[in-house]
Amino acid sequence: MVARGSEVRPSVVRQGSPRDARGRGRRPTVGRLAGLGVGGAALLALLTGCDVGRTFDGFGWPQGGISPESHRMYDLWIASSIAALAVGVFVWGLIFWCVIRYRKRGETLPVQTRFNMPMEFLYTIAPILVVAVLFYYTAIVQTGVNKVSKDPDVTVEVVAFKWNWQFNYRTAPNAEPDAETIASTLGTTEVIPILVLPTGRSVLFEETSRDVIHSFWVPELLFKRDVFPGNVRNVFQVSNLQTEGAYVGRCAELCGTYHSMMNFELRVVSPEEYDRFIAAKQSGQSTQDALVSIGEPPLAQTTKPFDTRRDVNNFGNASAGS
1 MVARGSEVRP
11 SVVRQGSPRD
21 ARGRGRRPTV
31 GRLAGLGVGG
41 AALLALLTGC
51 DVGRTFDGFG
61 WPQGGISPES
71 HRMYDLWIAS
81 SIAALAVGVF
91 VWGLIFWCVI
101 RYRKRGETLP
111 VQTRFNMPME
121 FLYTIAPILV
131 VAVLFYYTAI
141 VQTGVNKVSK
151 DPDVTVEVVA
161 FKWNWQFNYR
171 TAPNAEPDAE
181 TIASTLGTTE
191 VIPILVLPTG
201 RSVLFEETSR
211 DVIHSFWVPE
221 LLFKRDVFPG
231 NVRNVFQVSN
241 LQTEGAYVGR
251 CAELCGTYHS
261 MMNFELRVVS
271 PEEYDRFIAA
281 KQSGQSTQDA
291 LVSIGEPPLA
301 QTTKPFDTRR
311 DVNNFGNASA
321 GS
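Below is the structure:
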């Protein structure tokens, strides 16, 4: 006699299947793995054989960096984007493969399994490895770009205010007791401020604000650092600037009415021209005259002053003066 609760119910038997319990008839897994390996190697060769960043417009990241730090951050972004795309393509490939390979072919129930150790191992270890590799390289790059030396070649104090910039050329970082300002450039509504820096020298930026939070951003530097009011100084350094030219700078923090027009220009020149520029400033010349003295255009080339539109039509009754 068999207890009622112990009855063995007949199970659904898959019929017409050429495979038996021992797995005879399965496709060789070695061939599949070899195909995946060849496909991965071909994809890697394709991606490394061309400028992926330029082909895909930097995946939304600014291109044309002018410092070693900007190149490191750009390379990390491109590598992370490629890794994300590779994982995405692999996962989508598995999804479509399962949809096609195991689609319904009849009313017979497929063989049921409780687990797949190789697959579960892959889905557990692979994400850990991907995250660990990305974390390692992110930590390396972040440590490198945040490195600040005690004795930079050039120190610039960036002062932000509504809605313009002042650049003070200092003899040493602010922490040094004997540091002093030797030259200064102040932006106005009529004249865009120009920050002149040399190639081949380390540059320390010390940022402070006179009112609200602003943000110092030159896309080609790939640094976008907030500028805080009070005693807080946001500091960063570039080991050197590699390419001469004029580059637009912007405030990247919503700071008020004329935030979008709070621009400046970074002018990168040779070390000799920079020394002559500072000497001209120290002799009492304006920034525009000092730029002309080294053969540079006196006004900004990448942006222009904005029209404040401050007239009677904006500030009260237009008919009051008539």
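Counting along the sequence shown from 1, when you hit position 38 you're at 38 in full-length UniProt numbering, and nothing is skipped either side.
Glycine residues also receive a C-beta, built at the ideal position from the N, C-alpha and C atoms.
A quick note: this is a predicted structure, and the numbers were derived from the prediction, not measured.
Contact check, R250 vs V145, beta carbons under 8 Å: Mapped onto the sequence shown, residue 250 falls at position 250. Mapped onto the sequence shown, residue 145 falls at position 145. Not a contact, by the Cβ cut-off of 8 Å.
Per-residue burial, K304 [other beta carbons within 10 Å of its own, 16 or more giving buried]: Position 304 of the sequence shown, counting from 1, holds the residue named residue 304. Flag for K304 reads exposed.
Segments assigned alpha helix (DSSP H), at least 4 residues, entirely inside the stretch 197 to 246: none
Straight-line Cα distance separating G88 from H214: As a working mapping, residue 214 is identified with position 214 in the sequence shown. As a working mapping, residue 88 is identified with position 88 in the sequence shown. Computed Cα separation, rounded: 37 Å.
Per-residue burial, S70 [other beta carbons within 10 Å of its own, 16 or more giving buried]: For the purposes of this step, residue 70 is taken as residue 70 along the sequence shown, with counting starting at 1. Buried, because 16 or more other Cβ atoms sit within 10 Å of the Cβ of S70.
Segment limits, alpha helix (DSSP H) that includes T189: Taking the first residue of the sequence shown as 1, we reach residue 189 at position 189. Here T189 belongs to no alpha helix (DSSP H), and DSSP marks it neither H nor E.
Inter-stretch contact at 8 Å, needing at least 3 Cβ pairs: the stretch 162 to 175 / the stretch 242 to 261: yes
F216 vs R210 beta-carbon contact at 8 Å: Within the sequence shown, the letter at position 216 stands for residue 216. Within the sequence shown, the letter at position 210 stands for residue 210. No, Cβ-Cβ distance for F216 and R210 is not below 8 Å.
Three-state secondary structure assigned by DSSP to R105: Locating residue 105 in the sequence shown gives position 105, counting from the first residue. Three-state result, R105: coil.
Beta-carbon proximity of I194 to R276, cut-off 8 Å: Here residue 194 refers to the residue found at position 194 when the sequence shown is read from its first residue. Here residue 276 refers to the residue found at position 276 when the sequence shown is read from its first residue. No, they are not a contact pair.
Assigned secondary structure, Q166 (DSSP; H/G/I helix, E/B strand, else coil): Taking the sequence shown and counting its residues from 1, the one referred to as residue 166 is at position 166. Here Q166 sits in strand by DSSP.
Where I140 falls, given that 16 or more other Cβ within 10 Å makes a residue buried: On the sequence shown, position 140 is the one that residue 140 refers to. Exposed, since its Cβ has fewer than 16 Cβ neighbours within 10 Å.
Coarse secondary structure for E176, derived from DSSP in three states: On the sequence shown, residue 176 is found 176 positions in, with the first residue counted as 1. Looking at E176 - three-state DSSP - the assignment turns out to be coil, as it is neither helix nor strand.
Three CB pairs or more closer than 8 Å across the stretch 116 to 135 and the stretch 171 to 183: no
CA-to-CA distance, A79 to T208, given in whole angstroms: Locating residue 208 in the sequence shown gives position 208, counting from the first residue. Locating residue 79 in the sequence shown gives position 79, counting from the first residue. Using only the alpha carbons, I get a separation of about 34 Å.
Helix, strand or coil at E120 according to DSSP, with G and I counted as helix: Sequence index remark: in the sequence shown, residue 120 carries index 120 (1-based). Reduced to three states, the DSSP call for E120 is helix.
Which listed residue (E244, V227, Q237 and F236) has its alpha carbon closest to that of L254: For this step, residue 254 is matched to residue 254 along the sequence shown. Per the Cα distances, V227.
Beta-carbon spacing of N240, S202 below 8 Å: Translated into positions along the sequence shown, residue 240 becomes position 240. Translated into positions along the sequence shown, residue 202 becomes position 202. In this structure, S202 lies closer than 8 Å to N240 by Cβ.
Which of helix, strand or coil DSSP assigns to E157: Locating residue 157 in the sequence shown gives position 157, where the first residue counts as 1. DSSP places E157 in strand when its eight states are reduced to three.
Sequence-distant residues of its chain with Cβ nearer than 6 Å to V292 (five each side left out): Within the sequence shown, the letter at position 292 stands for residue 292. Contacts found: P298.
Coarse secondary structure for A320, derived from DSSP in three states: Within the sequence shown, numbered from 1, the residue matching residue 320 stands at position 320. Annotation note: pLDDT 47 at A320 (below 50); position unreliable, coordinate value reported separately. Reduced to three states, the DSSP call for A320 is helix.
Environment of Q282 [buried if 16+ CB atoms lie within 10 Å]: Within the sequence shown, residue 282 is the residue found at index 282, counting from 1. With fewer than 16 other Cβ atoms within 10 Å, it is exposed.
Outcome for G187 when other beta-carbon atoms lying within 10 angstroms are tallied against a minimum of 16: For the purposes of this step, residue 187 is identified with residue 187 of the sequence shown, where counting begins at 1. Buried: at least 16 other Cβ atoms inside 10 Å.
8 Å Cβ cutoff met for S184 and F167: Here residue 184 refers to the residue found at position 184 of the sequence shown. Here residue 167 refers to the residue found at position 167 of the sequence shown. Against a cut-off of 8 Å, the Cβ pair of F167 and S184 comes out as a contact.
Residues bridged to C98 (per DSSP): Position 98 of the sequence shown, counted from the start, is the residue given in the question as residue 98. Answer is none; C98 lacks a bridge partner.
Start and end residues, alpha helix (DSSP H) containing R276: Residue numbering aside, residue 276 sits at position 276 when the sequence shown is read from its first letter. R276 -> alpha helix (DSSP H) spans P271 to Q282.
Beta-ladder partner(s) of V148, from DSSP: Numbered from its first residue, the sequence shown carries residue 148 at position 148. Answer is none; V148 lacks a bridge partner.
L291 - DSSP class collapsed to helix/strand/coil: The residue labelled residue 291 in the question sits at position 291 within the sequence shown. It is helical.
Collapsed DSSP secondary structure at R114 in the structure displayed: On the sequence shown, position 114 is the one that residue 114 refers to. It is coil, neither helix nor strand.
Simplified DSSP state of L129, which is helix, strand or coil: On the sequence shown, position 129 is the one that residue 129 refers to. DSSP places L129 in helix when its eight states are reduced to three.
Spatially closest choice to P219 from T171, P62 and V235, by CA coordinates: On the sequence shown, position 219 is the one that residue 219 refers to. That would be P62, whose Cα lies nearest to the Cα of P219.
With 16 other Cβ atoms within 10 Å as the buried cut-off, status of P173: For the purposes of this step, residue 173 is taken as the residue at position 173 of the sequence shown. Answer is buried; the Cβ neighbour count reaches 16.
Whole-angstrom distance between V131 and L204, CA atom to CA atom: Here the question's residue 204 lines up with position 204 in the sequence shown. Here the question's residue 131 lines up with position 131 in the sequence shown. Cα-Cα distance, rounded: 32 Å.
Alpha-carbon spacing of E120 relative to R114, whole angstroms: Counted from its first residue, the sequence shown places residue 120 at position 120. Counted from its first residue, the sequence shown places residue 114 at position 114. Each residue's alpha carbon lies about 11 Å from the other.
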